[in-house]
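In what follows, a single structure is set out as structure tokens and then discussed.
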Amino acid sequence: GKNGVRTFQPGPDEAFPQPPGHLEVERDLRGALVRGEFVLHYQGQYDVRTQALTGFEALLRWQHPTQGLLPPGEFLGIAEDSQLILPVGAWVLREACGQAAAWQTRAPGLTISVNVSALQFEQPGFLTTVQQALEASGLAPQHLILELTEQAAARHPEATAQQLARLRGLGVQIALDDFGTGQSSLSLLHQLPIDLLKIDRSFLQAAPDPEANRVFIGVMITLAHGLNLLVTAEGVETSQQRALLGELGCDSMQGFLLTRPLPAAEAEGLLMPPAASAPPASLN
Ligand code: C2E
Ligand code: MG
Ligand code: MG
Ligand code: MG
């Protein structure tokens, strides 16, 4: 208060407190999958030149019984630590592939990007999980893009490279997510068999020096294209940012300027309307 002075003496537990509710979150998380509380939201990905919708990124949400709709930042860390990310991640793959397969009739070639956590990716059985999601949904492998963050890839670059090669053997595409934020971006690019680079949104946003940002983004695009990779920019919020990506030759983009992540039913509204059915023969 204004006049009061209180001293704070941290006890042994208070010095490094657990994030509030950690145990409660973990307990709730254990039952969330069977209770059907997870949902995927879908954010559109667009061709920078034609502005056409080319795919969606599936983003996990938890419809918590008392706390409302939680973004992944609120529970992913706990899901990783408790290994619950393994069954949850497998569910995400099945759900996203199923949705993308259902949308193919209205948008042939539409891709679905699925985020994969480091722990999930490092499981020997991960390849089988991906294969099963593809088979169960009937989605063609080339329409699935697995996103691995640069940070996750950097944990064990050699093992990562081998796992990526196996996954690409299935025919799926690989994107390196949040590119440019890690400690070893360039050497990773050199080592990893990937298809796509996703430039982290920090390069478009919060510019302390817009000219420096332009240089960084331009160099990353040139580098990626030189390596035969496609480039996606994330976090496009303004038309100036979109114009810059056009100037620099970026391939695709996603961000709030285009669409926010949406529940499946609303995301579906972004697809082309179904082709008008032929008039009944009796009318001819
Ligand atoms: P990410 O893969 O880099 O996903 C992009 C994040 O940026 C999403 O946050 C999205 O909602 C947000 N975003 C998109 N456009 C804009 C924009 O224009 N401006 C701003 N400020 N933000 C934008 P979200 O959904 O909270 O996800 C955060 C992270 O959680 C993701 O980052 C991804 O790493 C992780 N994640 C999401 N879903 C899954 C999942 O199913 N499995 C795993 N393992 N991780 C996931
Ligand atoms: Mg991602
Ligand atoms: Mg990203
Ligand atoms: Mg990111």
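Take the sequence shown: its position 172, counting from 1, is numbered 689 in the UniProt record's numbering, and each next residue is one higher. No residue lacks a Cβ here, since even glycine has one placed at the ideal position from N, Cα and C.
A straight line joining the alpha-carbon of Ser756 with that of Leu762 spans about 10 angstroms.
Here the stretch 650-664 makes contact with the stretch 683-694; the two share three or more CB pairs at distances below 8 angstroms.
In the DSSP assignment, Val753 falls outside any alpha helix (DSSP H) and carries neither an H nor an E. The set of residues whose C-beta lies within less than 7 angstroms of a heavy atom of ligand 2 reads, in chain order, Glu574, Ser630, Asn632, Glu664, Asp694 and Lys715. When Arg544, Ser599 and Leu577 are compared, the shortest CA-CA separation from Gly590 is found for Leu577. Taking 6 angstroms as the cut-off, the C-beta of Leu684 does not count as close to any heavy atom of ligand 1.
Across the structure, Gly766 and Ala617 are spaced so that their CA atoms are roughly 27 angstroms apart.
Note: Ala575 is bridge-paired with Tyr559 and Val631 in the DSSP secondary-structure output.
As the crow flies, the alpha-carbon of Glu612 is around 9 angstroms from that of Ala575. Phe773 is classed as exposed because its beta carbon has fewer than 16 other beta carbons within 10 Å across all chains shown. In summary, Asp768 is buried, with 16 or more beta-carbon neighbours lying within 10 Å of its beta-carbon over all protein chains present.
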